[in-house]
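Everything in the sequence shown is counted per numbering that gives the first Met the number 0, starting at 0 for the first residue and increasing by one. Here is the structure we will look at, set down as structure tokens.
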Amino acid sequence: MELKGKVALITGGARGIGKAIAEHLAAKGADLVIADISYDSAAETAKELASTGVRTLALKLDVSKSAEVSAAFESLMKEFGRLDILVNNAGITRDGLLLRMKEEDWDAVIGINLKGVFLCSKEAVKVMVKQKFGRIINIASVVAFMGNPGQANYSASKAGIVGLTKTTAKEYASRGITVNAVAPGFIATAMTDALAENVRQEMLKSIPAGTFGSVKDVAGAVAFFASPDSSYVTGQVIHVNGGMYM
0 MELKGKVALI TGGARGIGKA IAEHLAAKGA DLVIADISYD SAAETAKELA
50 STGVRTLALK LDVSKSAEVS AAFESLMKEF GRLDILVNNA GITRDGLLLR
100 MKEEDWDAVI GINLKGVFLC SKEAVKVMVK QKFGRIINIA SVVAFMGNPG
150 QANYSASKAG IVGLTKTTAK EYASRGITVN AVAPGFIATA MTDALAENVR
200 QEMLKSIPAG TFGSVKDVAG AVAFFASPDS SYVTGQVIHV NGGMYM
């Protein structure tokens with residue numbers, strides 16, 4: 000229960016990796032704010048986690064809209080009075096080769112994946128500076144380092160997160176705030192489950208460990224950055240990819 004008394008906000012926290020992170024932090028005693036584009040999904044996850052004994056709050060949030068981000072932080076501060084951990088997990092894809100990529104698909108991915116991290120981190124820092132304590136954990140991706148055909152927008156957004164992580168870490172290390180990133184590789188989700196078997200096998204060939212990762216693998220890395228064990232670690236990226244990128 001090393002996070003008991005701490006308050007964590009997870010964006011995109013209703014499903015998938017975000018939900019796994021929320022479950023892991025709840026198991027360590029953290030109170031949770033589940034923010035998601037779907038309020039119903041956020042409320043369902045918040046209710047589920049509240050049954051474990053932690054306090055929860057569900058919020059509808061489009062992280063690309065500054066007014067919604069400001070309102071969300073106002074709501075969580077009214078409810079909890081503090082914010083100790085921010086996990087910037089919300090993200091989308093709009094894949095397509097560069098020559099065929101629509102401008103609106105570029106803007107949508109950059110807006111959610113990168114601008115959203117900027118907006119949420121900016122609001123979080125305002126709170127954390129006053130507390131002289133904070134943990135910001137950004138979810139990047141292996142494609143930020145390797146690139147991936149058909150994902151120019153997604154790769155750019157995730158690479159941008161790495162640069163933003165390092166700069167924010169340098170700006171606020173002296174204020175008791177650490178800022179780090181987790182870069183998942185291929186993680187077993189509903190999306191990978193739906194792939195044709197030959198496609199899955201080709202993907203597995205690129206992973207030395209020979210298996211897809213689990214959402215719990217990502218959640219464990221996030222929990223480390225949120226914990227007291229990482230108090231002297233900032234501006235870093237943990238790669239969770241089974242050796243796909245080293």
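The C-beta atom is built at its ideal place from N, Cα and C for all residues, glycine as well. Being a predicted model, the structure only gives us computed values, none of them experimental.
- Counting the other CB atoms within 10 Å of its CB gives Pro183 a total of 16 or more, which places it among the buried residues.
- Listed in chain order, the beta strand (DSSP E) runs fully inside the stretch 109–157 are 133–138, counting runs of at least 3 residues.
- Restricting attention to Gly4, Ala25 and Lys125, the CA atom closest to the CA of Ser50 is found in Ala25.
- Per the DSSP secondary-structure output, Leu8 pairs in a beta bridge with Val32 and Leu85.
- The bridge partners DSSP lists for Asn179 are Ile136.
- Using a Cβ-Cβ distance cut-off of 8 Å, the stretch 72–91 and the stretch 2–11 are in contact, since at least three pairs of beta carbons, one from each stretch, lie closer than that value.
- Contact between Ser40 and Asn87 does not hold, since the beta-carbon distance rounds to 18 Å and is not under 8 Å.
- Counting C-beta atoms within 10 angstroms of its own C-beta, Lys169 has fewer than 16 neighbours from the protein chains shown and is therefore classed as exposed.
- Val214 places its beta carbon 8 Å or farther from that of Gly11.
- A Cβ-Cβ contact shorter than 8 Å links Leu82 with Ala123.
- In the DSSP assignment, Lys46 falls within the alpha helix (DSSP H) that extends over Tyr38 to Ala49.
- In this structure, Val68 lies away from Ile135, with their beta-carbon atoms at least 8 Å apart.
- Exposure of Lys125 is indicated by the presence of fewer than 16 other C-beta atoms within 10 angstroms of its C-beta.
- Here the C-alpha atom of Arg174 lies approximately 6 Å from the C-alpha atom of Val128.
- The distance from the Cβ of Ala222 to that of Lys27 is about 6 Å, consistent with a contact at the 8 Å cut-off.
- Taking the CA atoms as reference points, Ile36 sits about 20 Å from Asp94.
- Look at the beta carbons and you see the stretch 46–65 touching the stretch 107–117: at least three pairs across the two are nearer than 8 Å.
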